[in-house]
Amino acid sequence: MQSGLIYLIGPSGNPNFGDEFIAAAWLRYLAVERPDAEVWLDCPQPGLAQVLFDGLHPRLRVTNTLWRLVHENADVPIETSADTIRARVTGLGSPSYDLGLLKLREAESLHLMGGGYINENWSHHAGLVVAMRAVRDLTGARLVATGQGLMPLVTSAPAEMPLFQGFSHVTARDEAGAAAYRVDRGLDDAFLGVAGEVARARGEAALYVCIQSDTADPERFETAVALARTAVEEAAGEGRKAFYIEAIPGGDRAAYELMADLIPEERFLPFSHIWTHGLPLSDSQTWITSRFHFHLLAAAAGARGIAVGMKEGYYDVKHESVAALGSGWSLAMGADEPGMPPHRGSLQAGVAALVSQKHAEAAKVYPRAEDQPGSRSANAAKLFGITLGTSRRNKIRHGAN
Numbered sequence: 000m001q002s003g004l005i006y007l008i009g010p011s012g013n014p015n016f017g018d019e020f021i022a023a024a025w026l027r028y029l030a031v032e033r034p035d036a037e038v039w040l041d042c043p044q045p046g047l048a049q050v051l052f053d054g055l056h057p058r059l060r061v062t063n064t065l066w067r068l069v070h071e072n073a074d075v076p077i078e079t080s081a082d083t084i085r086a087r088v089t090g091l092g093s094p095s096y097d098l099g100l101l102k103l104r105e106a107e108s109l110h111l112m113g114g115g116y117i118n119e120n121w122s123h124h125a126g127l128v129v130a131m132r133a134v135r136d137l138t139g140a141r142l143v144a145t146g147q148g149l150m151p152l153v154t155s156a157p158a159e160m161p162l163f164q165g166f167s168h169v170t171a172r173d174e175a176g177a178a179a180y181r182v183d184r185g186l187d188d189a190f191l192g193v194a195g196e197v198a199r200a201r202g203e204a205a206l207y208v209c210i211q212s213d214t215a216d217p218e219r220f221e222t223a224v225a226l227a228r229t230a231v232e233e234a235a236g237e238g239r240k241a242f243y244i245e246a247i248p249g250g251d252r253a254a255y256e257l258m259a260d261l262i263p264e265e266r267f268l269p270f271s272h273i274w275t276h277g278l279p280l281s282d283s284q285t286w287i288t289s290r291f292h293f294h295l296l297a298a299a300a301g302a303r304g305i306a307v308g309m310k311e312g313y314y315d316v317k318h319e320s321v322a323a324l325g326s327g328w329s330l331a332m333g334a335d336e337p338g339m340p341p342h343r344g345s346l347q348a349g350v351a352a353l354v355s356q357k358h359a360e361a362a363k364v365y366p367r368a369e370d371q372p373g374s375r376s377a378n379a380a381k382l383f384g385i386t387l388g389t390s391r392r393n394k395i396r397h398g399a400n
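For the record, in the sequence shown the residue sitting at position 370 is 369 according to numbering that gives the first Met the number 0, with numbers rising by one throughout.
And the structure:
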């Protein structure tokens, strides 16, 4: 267990800007603080994840061992699938799984990265936690969960409650999730990479729009598009451009097609563009978006905006957590049709302290190798030729590829 292998678990590779941003932030952090460690990322789409995160950590490996195990048992009740998952992790016996499961036993830690995917919307994802606990029972590996979005509460699998029993460190990104599971209230994992992204690409003083069609209550999509169209028309009346930003390819295109008469194709910025060149951000912008991480990042840059809740009990909790940090954005929940706030919130002024808080959590989860008893990090770095110069460390830390 003391091999130094770090095992990350998250919903990467689909792609989804928020999920990819969080994984990239952790990989950049580990490239600076633990460049000698072997890092495995377990995610649903390892092929695309390998492309997205190429070069972010010198010893990154990508797999889908646990996600495949969970997805193959998604159609049965979690009470039943939990037994199957535990038996597979502990008993082996399947050539299609054994080598991946044996690799898990080498991990010093298993880290469930942040995001809103362990909740009642996808209750079968609780199987990831079941698998993590099964590994810990075998090897004593340290279990960690950070920046979790846990609402709506998983109501099934009472045998697995409390869900995070045996974890050494757990934080939820909102008060409701922290209270429900009696874990610490923390910050979304995106704060690990906020500073680098805000500085990465300067955006025009324009209106930026993103309305999703996935994970939405049926009646919300049409009303959200109508709200966005009104905002685009008002911006045009003021002589301001409007851009459409895509977080999930396809899932965000549907709304754009309904306002393509107002926003020309050359001002549609696909996921591939913002991933490669950065999310265009500035304090002179306005936004209307249903995407949580666009709300978080744009508000951190000082933009004003309207956050649209698309699914009750899920997206309202997410957006309210950013509002609670001082985004100053109007919240369009249910039938609400708020106007654009006249002034920016306090989040931009307080973001440095929040970033420091998140980095302090990361340092707690991953103490510097030289600070650990019996550390062999210097020898390992020399052995594998992974010494990073100052300029390279800074590039990784701040998001340059």
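Note that CB positions come from ideal geometry on N, CA and C, so glycine has one too. Remember, it's a predicted structure, so these values are computed and weren't measured experimentally.
### Task
Look at the Cβ atom of residue 138, then the Cβ atom of residue 170, and state whether they are nearer than 8 Å.
no
### Query
Helix, strand or coil for residue 135 per DSSP?
Residue 135 sits in a helix when the DSSP states are folded into three classes.
#### Entry: residue 367, buried or exposed, once every other Cβ within 10 Å from all chains shown has been counted against 16
exposed
#### Entry: Reduced DSSP secondary structure (H/G/I, E/B, other) of residue 345
coil
### DSSP three-state assignment for residue 121, whether helix, strand or coil
In the structure shown, residue 121 adopts helical secondary structure according to DSSP, grouped into three states.
#### Entry: Cβ neighbour criterion (16 or more within 10 Å) applied to residue 188
buried
### Message
Taking 8 Å as the threshold (C-beta atoms), are residue 357 and residue 148 in contact?
### Response
no
### Query
Helix, strand or coil: how does DSSP classify residue 292 here?
helix
### Task
Would you please state the rounded distance, in angstroms, between the beta carbons of residue 308 and residue 151? I believe it to be under 8 Å.
Not really, about 13 Å apart at Cβ, beyond 8 Å.
### Message
Using 8 Å as the threshold, is the C-beta distance between residue 127 and residue 65 below it?
### Response
Cβ atoms of residue 127 and residue 65: closer than 8 Å.
### Task
Give the straight-line distance between the Cα atoms of residue 280 and residue 97, rounded to the nearest whole angstrom.
45 Å
### Query
What is the residue span of the beta strand (DSSP E) that residue 147 lies within?
Element bounds for residue 147: 141 to 147.
### Rounded C-alpha distance that separates residue 289 from residue 359
29 Å
### Message
Quick check for students: name the residue ranges of the alpha helix (DSSP H) that lie wholly in the segment 281 to 326, counting only runs of 4 or more.
### Response
You should have 291 to 299, 314 to 323.
### Query
Skipping 5 residues on each side, what residues in its chain have a beta carbon closer than 6 Å to that of residue 245?
251, 269, 270
### Query
Which one of 81, 300, 35, 190 has the shortest CA to CA distance from residue 198?
Closest option to residue 198, Cα to Cα, is 300.
### Query
Roughly how many angstroms separate the alpha carbons of residue 265 and residue 19, rounded to a whole number?
24 Å
### Query
Cβ of residue 58 within 8 Å of Cβ of residue 37?
yes
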